[in-house]
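First up is the structure itself, then whatever we jot down about it.
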Amino acid sequence: MSDIPFGPCYIINVQGGLAMDLDLSDPKGDHYGNGYKVWSRRLHGRENQQWLFNHKKTGGWTVKNVASHTYLGFATKQQPEHTKQLVCSVERPEYNITGNKWDGYVIRARSPDPKIVIDLANGDVKDGTTILFWFENGGQNQKWLVMPLLYREQLFDNFVHSEQAMGIIMRILNVKTGLMFDGGDPNDWLYGWTWRGHTQRHDWLIKRGKTGFLIQEHQTKKYLKITEDNWLKLSVDDGTEFLFDGDEDHGFFILLADDLNRAVELQGGSAKDGTWVQVACARRNRWDIRYPYDG
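To convert, note that position 38 of the sequence shown is 38 in UniProt numbering; the numbers rise steadily by one, no gaps.
Below, the structure written as structure tokens:
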């Protein structure tokens, strides 16, 4: 898989949206980095959530944790087994990796049974969910995004040079549900709504800020701003600055410019009209940014 990024990456579960995390507080671990459990946690970006992929001459991949310098897999002198929780150790198991960077990758054990894959237990979105070996079933909880650590300058420049124009009316639609950013709430809260007529409350301008981009509602000229409770609402004051990670063909994760671990999402991933829009330490929702006449 030539599109696996080089350098430190986050591994994000497609269904849960949370990061693969090495629990360095696990009492079962030793001072060599062996035996610490691997689980799913909110994205914070520290080194125990950073992983290095190395393509071997055999065609397989090893996955090393940046913090511990040990490898994703199983305890010393063991092997992958159905239902066994993943840990890191000095063992260097190799994996077959298939998929793509947009839909996610399946990470398969090369031996003893290539039908065993890395799995988020029950597809649970809760912080602290177990990551284990499981027989492959095609579920979204068995797919993983491999996302390079990007810096603000990279994200800023990438979006400036994309096809999304600054200062032109755009609509912002959730890729999964089709719900759009809607600024029509009388109390200025941001909701997701389907198209319900030309109200101009679905129309947004994206403007350059100091370190990112401001999102302005076209009719009221108010800016999106994050609240202390991590909701989004319109404000006459200076808005929150955002950055965009993705492209026009697959959609963008909308990130906070001052904290790239946090991204904009629909509450609970709901497809219902009137769903609140919030910010979370996860990667669950991509957004399509398009001209109004594109549909």
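The C-beta atom is built at its ideal place from N, Cα and C for all residues, glycine as well. All figures in this text were calculated on a predicted structure; none of them were measured in a lab.
Practice task
For the alpha helix (DSSP H) containing His153, list its first residue and its last residue.
Solution key: Reading off the sequence shown, one finds Glu at residue 153, where the question assumed His. Arg152 to Val160 is the span of the alpha helix (DSSP H), which, as asked, contains Glu153.
Problem - Among Asp127, Trp134 and Gln50, the one whose alpha carbon lies nearest that of His82 - result: Trp134
Exercise for the section: Could you pull out every residue in the same chain whose Cβ sits closer than 6 Å to the Cβ of Lys64, ignoring the five residues on either side in sequence? Expected result: Leu52 and Tyr71
Handout entry: Straight-line Cα distance separating Lys210 from Tyr223
Key = 15 Å
Handout entry: Spatial distance of Tyr36 from Ser68 (CA atoms)
Key = 9 Å
Practice task
Would you kindly work out how many angstroms separate the C-alpha atoms of Pro148 and Pro112, rounded to a whole number?
Solution key: 30 Å
Practice task
Kindly indicate which three-state DSSP category Glu81 falls into: helix, strand or coil?
Solution key: coil
Problem - Among Asn187, Arg208 and Asp247, nearest to Met166 - alpha-carbon criterion - result: Arg208
Handout entry: With 16 other Cβ atoms within 10 Å as the buried cut-off, status of His202
Key = buried
Practice task
Count the other CB atoms, across all protein chains shown, that sit within 10 Å of the CB of Trp102; report buried if there are 16 or more and exposed otherwise.
Solution key: exposed
Practice task
Say whether the segment 137-154 touches the segment 108-127, bearing in mind that this needs 3 or more beta-carbon pairs closer than 8 Å, one atom from each stretch.
Solution key: yes
Handout entry: Local Cβ density within 10 Å of Leu190, reported as buried at 16 or more and exposed below that
Key = buried
Problem - Contact under 8 Å by Cβ, Asp21 with Gln49 - result: yes
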